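Peer 1: Below is the structure I would like to discuss, written out as structure tokens.
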Amino acid sequence: MNSLENYFDESLVNSWEHIVDCFESLDYSTKKIAEYIKNFDEITTAGIHLSALNKGNKKMADRIDKAMEINKENRINAFKEVVANGTEQEYLSKMTWIEKLSLQCDMDLSSVRLNNKPRLTEKEKNYVNILENSIAEDIKNIALSEGFSSVEEWRHHNWEVDKSRLLRPNNTRVFFRR
2 MNSLENYFDE
12 SLVNSWEHIV
22 DCFESLDYST
32 KKIAEYIKNF
42 DEITTAGIHL
52 SALNKGNKKM
62 ADRIDKAMEI
72 NKENRINAFK
82 EVVANGTEQE
92 YLSKMTWIEK
102 LSLQCDMDLS
112 SVRLNNKPRL
122 TEKEKNYVNI
132 LENSIAEDIK
142 NIALSEGFSS
152 VEEWRHHNWE
162 VDKSRLLRPN
172 NTRVFFRR
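Taking our numbering, the leading residue of the sequence shown gets 2, the next gets one more, and so forth.
Below, the structure written as structure tokens:
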């Protein structure tokens, strides 16, 4: 068992490794890798990157890392473009709240700033408001669709569920392995 399988399901790790093997055998460029992984979730792309590192293939790991960076910049630029065009609602409706939160992190946008971080510009504050309002609406819809009367009730329920998971012994496998 390799070190990734200590944290992730074996079939998941095998899939990531297979993708890395394909990239290697097809000698994919950074641009081709970026195109291939552009619709993958972040856990998958990070897993593929970790698999390349785990195999000791620094060159491929660097290509994957650069491809991930290209896709991150493309997501940021696409969001800025739709905001400028006024079509952000339609754009964001196709994303999950997790993808929206990820975009906010990619853009280094947070309504809470550390002392060493410069204050947000008005444009950045607008991006934060757009994303946070969309996320809040998604969470409200999830809570109501799951039969909760409010977001607060849904959060309390999920906090209790997560708390019980955290209290399990050897919880490193709780979230990743079956």
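Glycine is no exception: its CB is placed at the ideal position from the N, C-alpha and C atoms. Here the structure is a predicted model, which means the values were calculated and not measured.
For T97, is the classification buried or exposed, using 16 other Cβ atoms within 10 angstroms of its Cβ as the cut-off for buried?
Peer 2: It counts as exposed.
Peer 1: Where do the N-terminal and C-terminal ends of the alpha helix (DSSP H) with S111 fall, by residue?
Peer 2: It is not in any alpha helix (DSSP H) - S111 carries neither H nor E in the DSSP assignment.
Peer 1: State the Cα-Cα distance for the pair A85 and L121, rounded to the nearest angstrom.
Peer 2: Going from the Cα of A85 to the Cα of L121 covers about 18 Å.
Peer 1: Using a Cβ-Cβ cutoff of less than 6 Å, which residues in the same chain neighbour G48 once the five nearest sequence positions on both sides are dropped?
Peer 2: Result list for G48: W17, in chain order.
Peer 1: Could you round the C-beta distance between S155 and E147 to whole angstroms and report it? I think they count as a contact, below 8 Å.
Peer 2: Inspection of the sequence shows that residue 155 is occupied by Trp rather than by Ser. Yes, W155 and E147 are in contact; Cβ-Cβ is about 7 Å, under 8 Å.
Peer 1: Given a cut-off of 8 Å on the beta-carbon distance, is the pair R76 and L104 in contact?
Peer 2: Result yes, Cβ atoms of R76 and L104 sit closer than 8 Å.
Peer 1: Give the single residue among L54, K60, M69 whose Cα lies nearest to the Cα of K32.
Peer 2: Selected option, being the one with the closest Cα: M69.
Peer 1: Can you give the Cα-Cα distance for F41 and F149, rounded to whole angstroms?
Peer 2: Roughly 31 Å between the two C-alpha positions.
Peer 1: In angstroms, rounded to a whole number, what distance separates the CA positions of L27 and K60?
Peer 2: Their Cα atoms are separated by approximately 14 Å.
Peer 1: Curious, which full-length alpha helix (DSSP H) runs of at least 4 residues does the segment 30-81 contain?
Peer 2: You should have 31-38, 43-55.
Peer 1: N58: which of A79, I44, N7, F24 sits nearest, CA to CA?
Peer 2: It is F24.
Peer 1: On the CB-based measure, 16 or more other CB atoms within 10 Å of its CB, does E11 come out buried or exposed?
Peer 2: E11 is exposed by the Cβ-count criterion.
Peer 1: Quick one, which of E74, I38, L110 has its alpha-carbon nearest E123's?
Peer 2: E123 has its Cα closest to that of L110, out of E74, I38, L110.
Peer 1: Using a Cβ-Cβ cut-off of 8 Å (strictly less than) and excluding sequence neighbours within five positions of D139, which residues of its own chain qualify?
Peer 2: Closer than 8 Å at the Cβ level, and outside the excluded window around D139, lie T97, W98, K101.
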